[in-house]
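Asker:
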Amino acid sequence: MEPAEPSRTPGSATATLDGAPTAEESHDLPTAPCSVVWSGGHSYVREGSAGARWAGVDDRGRARFLTDAELRRRGWSRTRD
Numbered sequence: 003m004e005p006a007e008p009s010r011t012p013g014s015a016t017a018t019l020d021g022a023p024t025a026e027e028s029h030d031l032p033t034a035p036c037s038v039v040w041s042g043g044h045s046y047v048r049e050g051s052a053g054a055r056w057a058g059v060d061d062r063g064r065a066r067f068l069t070d071a072e073l074r075r076r077g078w079s080r081t082r083d
């Protein structure tokens, strides 16, 4: 008997059969320059590739720059929600 393939719905995360998370499920930040993510109601754009940082603005419109680690701590999403 073959193992059942996990059911998937559009937009759902996937996992391998051994239960290890895939890149999509591990919630890694995008690495491509000009990628956009949202955190705390503000958008952040990835600048550069080596030693990259995320550029955005705060509630008063002042420039704000975050590292990958800071963005992970604050929480982030690919959508504005």
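Under the numbering used here, the first residue of the sequence shown is numbered 3, with each subsequent residue one higher. Cβ coordinates follow ideal geometry from the N, Cα and C atoms, glycine included. What you are looking at is a predicted structure, and each value in this text was computed from that prediction instead of being measured.
Using a Cβ-Cβ cut-off of 6 Å (strictly less than) and excluding sequence neighbours within five positions of Phe67, which residues of its own chain qualify?
Answerer: Arg55, Ala57, listed in sequence order.
Asker: Could you have a look at Leu31 and say whether DSSP puts it in helix, strand or coil?
Answerer: Residue state, collapsed to three classes: coil.
Asker: Using the Cα positions of Thr24 and His44, report the straight-line distance between them to the nearest angstrom.
Answerer: With a pLDDT of 42 at Thr24, under the threshold of 50, the modelled position of this residue cannot be trusted, and the question is left open.
Asker: Who pairs with Ala57 in a beta bridge, going by DSSP?
Answerer: Its beta-bridge partners are Val47, Phe67.
Asker: From Thr33, Arg82, Gly77, Arg74, pick the residue whose C-alpha is nearest to that of Gly53; which is it?
Answerer: With distances taken between Cα atoms, Gly53 lies closest to Thr33.
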